[in-house]
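Right, one structure below, let's go through it.
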């Protein structure tokens, strides 16, 4: 039953040999890896306008020069990352680039920032997608958080099904989104060219506005560069590309950069020309679409596509997070479990953790995009800076042919990224301070985990001179809860192993019952010694552990090993498991970690 | 480390013998079991006004006669439940009373309703408590859901610490709440008597108002009776009282009923006299307090006490839910795990489940009290009706001295409760329909669980004529991941058991490595047969299970039992556990449920 549900939600398990078929073509890769970057045009321009509105609607024309700055930044980043792809064809991105070129801690800072950043990718994209929906249907405004949470759950399930299937699902909305925004821009420009849009709606570019400070403009610029989050996704995921992976990845990167620049410029331009003022209940894109088409079919298509691409953009996080986790895990900085491939070859542990963390963030921030974005953007530009600096160091050390040009490109990338991160800290400190706590903490945790893993090797190393001493005998304990087939089964098994000592233990809750049981037992199994323990307060664990402690102490003196049998029901239907084995689990948990005893779990199949 | 955190959050574990000391005195019981009922005056009167406002402020005078109706209902319920306490001194409430007197399904309907109802108690009380806080501090309005969720988490921790401690914490706010409302009422009445409140504020009682229909009045009455939720809590918790439990419980019940009637009447009266109109941003109690004291210290004390008692009222749910779960679990309708007492003798599983479910409901309904209340009240009045009908049947069957009077009291209780439930279904069907789906579903689940548990007994029964056949030998498999001390340890253990067949299994990811390992092994342990399995795609589970399947098949033909050793790291620090044993867990999970093999878990202690 549970198996059936799991199957229909997650799909049939894949054989390992099917791994090769899961590689991405360019068109699919553009869809799956660019949705984050492309979709951020849905909130990036709006962030610029929100900052400028602090001075007033007259200041909104500054969005045009700021957008030019953001696009320059974009071009620099695209060329920087192009070089990363060729230098690191096995994928890596900020973590590996920083680690290899700058050093361990730089890598860990980048890795730590990125882990959080991917969680924020999911939280921000899904929240912004929900905003697109509530802009179209204001009555849903109150259910924003709930909707966002449901979207994250659906995405988690999608990703547990495996990467190619998600890509197929993703390809359509991404391309439809781009198409519908192109239509929107075409219609907008046509209307402006035809003079259908009143000139009065906007202040002319260049009009001086009182109260506009450099601080404000920097803040607006930094906020606008949140539209560039997601640009690094391709460089992390090169191993997912079909061969030749670096070439395919570079082409995909350039296509993405071009589309992103056009969409971003178009939206800023239309918002400026229409004189759109940001408000809490309707997104800027929704206002532009309404202005262009009214609330007609085309308006709802644009909102729908925007919502869809945003919700699915969260998928970039789902593709990138598990890959980064594997890298960190291989280097022993995070638990090994992130390397275990799940049924469908996705890295299930990373996917599930990511989904849960994103849900927590969405609930914590009430699904409010503006509150999440500063944290998000800072978390992105720190690893950007580290990755570009790492590349600079690499060129400096290796000095391949034409290294000066490459060095210059990465230097520009590094300087701009650092500047954006610094502006965030200066202008939005109240929003981004948690990063300053989180990063040192996560780096310390990384180190402690590595320290522990590194200590394991020597402890496991065989000492040829002093092999571990053989044991002189076995003590086996069979806890019995009655005279049942399950006990009979355990006795059959244990007797054939001929332990030196064999004891059955019974825990009685009242004295009469205890006597009665002893008599019954002696009739049934006169050869097996029975110890009865009286437990007036119905506890099982306490008397049992006390008894085992005593036996264990005496066994150790004689160099004997104590084992204890735990019967385990194997029910016929999966859901029956929650009806059984709870006490066994409790006993196991208590015994295994507290005493030096071997646990022998003996299955007993139920037939119905 | 984890142990320390657990200890400081939950407190030291209690010995079973301390169970007796955990019984409640009357004053503590009044606090812990009445907070739900008493606190509902914070939202009950408001629900009446919200319904009447559909017609207009002129209709608000109807709240006075409606309140009289609600108090009549309260008196009837108090006397009905007084009889329940004497008839069922071991506690029980609606589930046991309905089950024993009407039948299994009636009991299950009552039990199912109550389980949900306790979850709603937590959700509604905490949401209403959050409303009291946001009324006082409007800037917190946006964080309502987050605050409510945090409160539920705190309550869950409090309850995992154990019932008496919660009661001590609870006693003060409950009594302070009652005291502060008495002061509020005193000041209010004084000001009205002194003519300080303008007569124009309210319409005189009896003024005819156009648009007031019987339907509306019934709806208002039903909504107002949400203030009576929680009245049954005492009758469910009699075993928690000091001896003589029934007498102490009855006195507590009467005290609670008296206080509830006074507070409810006082608030409705003041709201009416002040002409208070319900609004979404400030609760009615907050408006009364502001009217009486301005936003001074006394206002904030009243809001604070109201919030505190409401948040803690959720505690009634936490006291009652696990007790009901134990009763259902003893009757085999829900999984046995709800009978396991936790470290501090609370019923931890029930407590944790309740906390989680309440959080889900709060998030689902966006913390909106009015949306949760119809569901809540219906969930209460269904078991009320069943319990009272059950009592009627009991008197009819048993006919003790003076049974006619008792019968009449319970009959009145049953009729009124049924009427209220029926009114909810008639007037708020769009809110309460989920109950109609949930109850049949949960009753079916109850039956399926019982069916399964009942099938276990016969399967376990010893067949004296045909004892299970002894096995003829043992096959032990040791999976090895390298030549380590851990493997040496496992070999030492297994060899002393002298199994008929002993096989070590190694899974290699490439062929050269496989060869190399075979040579190393044969030098180290020439006497133990090694099987190497080649796994090109780095899967461990797949080749291992396939191999074990083969061995198991052959073993079965020879009546041999297959066992497999699983090494288990026992790390020194608790948190290291998440760094280890993930593969073992996976192997265990796959093997135990899918094949008939014994799992032998061999501990290996890490020294750092």
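Protein chains in written order, with UniProt numbering: chain A, 1 to 608; chain B, 1 to 608. We put the beta carbon where it would ideally sit given N, CA and C, even for glycine.
Query: Can you determine whether any heavy atom of the ligand ATP sits closer than 7 Å to the C-beta of residue 576 of chain A, and answer yes or no?; Result: No copy of the ligand ATP occurs in the structure displayed, which carries no ligand at all.
Query: Counting Cβ pairs closer than 8 Å, one from the stretch 77-97 of chain A and one from the stretch 57-65 of chain A, do we hit at least three?; Result: no
Query: Can you list, in chain order, the stretches of the beta strand (DSSP E) that have 3 or more residues and sit fully within the stretch 211-269 of chain A?; Result: none
Query: Along chain B, which residues have their Cβ under 8 Å away from the Cβ of residue 561 of chain A?; Result: 493, 496
Query: Could you compute how far the alpha carbon of residue 260 of chain A sits from the alpha carbon of residue 37 of chain A?; Result: 7 Å
Query: Are the beta-carbon atoms of residue 548 of chain B and residue 591 of chain B separated by less than 8 Å?; Result: yes
Query: Kindly indicate which residue of A:535, A:494, A:500 has the alpha-carbon position closest to the one of residue 509 of chain A.; Result: A:535
Query: Give a yes or no on whether the C-beta atoms belonging to residue 474 of chain B and residue 497 of chain A are separated by under 8 Å.; Result: yes
Query: On a Cα-Cα basis, can you pick out the residue from B:265, B:262, B:238, B:263 that is closest to residue 614 of chain B?; Result: In the structure as shown, chain B begins at 1 and stops at 608. Residue 614 of chain B is therefore absent and cannot be evaluated.
Query: Report yes if the CB atom of residue 307 of chain B is closer than 8 Å to the CB atom of residue 56 of chain B, and no otherwise.; Result: no
Query: Let me make sure I understand the geometry here. Which of B:562, B:607, B:605, B:544 has the alpha-carbon closest to that of residue 586 of chain B?; Result: B:544
Query: So, is residue 437 of chain B buried or exposed, given that buried needs 16 or more other C-beta atoms within 10 angstroms?; Result: exposed
Query: Mark residue 410 of chain A as exposed unless 16 or more other C-beta atoms lie within 10 angstroms of its C-beta, in which case mark it buried.; Result: buried
Query: Can you pull the chain A residues whose beta carbon is under 8 Å from the beta carbon of residue 459 of chain B, in chain order?; Result: 485, 606, 607, 608
Query: Return the chain-ordered list of same chain residues with a C-beta closer than 6 Å to the C-beta of residue 43 of chain B, the five sequence neighbours on each side being excluded.; Result: 128, 369
Query: Within the 8 Å Cβ cut-off, does residue 346 of chain B reach chain A?; Result: Summary for residue 346 of chain B: the model assigns pLDDT 45, below 50, so the residue's position carries little reliability; its value from the coordinates is reported in the next sentence. No, because no Cβ of chain A sits closer than 8 Å to the Cβ of residue 346 of chain B.
Query: I'd like the list of long-range same chain contacts for residue 192 of chain B, defined as Cβ closer than 7 Å, with 5 residues on each side in sequence excluded.; Result: 273
Query: For chain A, check one thing: does any of its Cβ atoms lie closer than 8 Å to the Cβ of residue 529 of chain B?; Result: no
Query: Could you check what DSSP says for residue 346 of chain A in three-state terms: helix, strand or coil?; Result: Low confidence applies to residue 346 of chain A: its pLDDT is 45, below 50, so where it sits in the model is not reliable enough to give any reading.
Query: By the criterion of Cβ-Cβ separation under 9 Å, what are the contact partners of residue 473 of chain B in chain A?; Result: 496
Query: What are the residues that DSSP puts in a beta bridge with residue 479 of chain A?; Result: A:505
Query: Taking C-beta pairs closer than 8 Å, name the residues in chain A that residue 470 of chain B reaches, listed in chain order.; Result: 492, 495, 496
Query: Counting along the chain, where does the beta strand (DSSP E) carrying residue 609 of chain B start and finish?; Result: Because chain B here runs from 1 to 608, residue 609 of chain B falls outside it and cannot be looked at.
Query: Going by DSSP, what residues sit across from residue 474 of chain B in a beta bridge?; Result: B:561
Query: For residue 616 of chain A, which beta-bridge partners are listed by DSSP?; Result: Given a span of 1 to 608 for chain A in the structure shown, any question on residue 616 of chain A remains unanswerable.
Query: Once DSSP output is grouped into helix, strand and coil, what is the label at residue 591 of chain B?; Result: helix
Query: If we ignore side chains and look at the alpha-carbon of each, how far apart do residue 301 of chain B and residue 187 of chain B end up?; Result: 14 Å
Query: Kindly list, in the order they appear in chain B, the residues whose Cβ is closer than 7 Å to that of residue 462 of chain A.; Result: 483, 484, 485, 488
Query: Judging by CA-CA distance, which residue of B:502, B:503, B:494 is the nearest neighbour of residue 499 of chain A?; Result: B:494
Query: Assign residue 484 of chain B to one of three DSSP states: helix, strand, or coil.; Result: strand
Query: Run through DSSP, which three-state label would residue 570 of chain B get?; Result: strand
Query: For residue 608 of chain A, which of helix, strand or coil comes out of DSSP?; Result: coil
Query: Looking only at C-alpha atoms, which of A:588, A:589, A:33 sits nearest to residue 309 of chain A?; Result: A:33
Query: Please tell me whether residue 663 of chain A and residue 53 of chain A are closer than 8 Å, where the distance is taken between their beta carbons.; Result: In the structure displayed, chain A extends from 1 to 608; residue 663 of chain A sits before or after that span and is not available.
Query: Got a sec: which bits of the stretch 141-154 of chain A sit with their beta carbon under 8 Å from any beta carbon on chain B, in order along the chain?; Result: 142, 143, 145, 146, 149
Query: Any idea what DSSP makes of residue 534 of chain A, helix, strand or coil?; Result: strand
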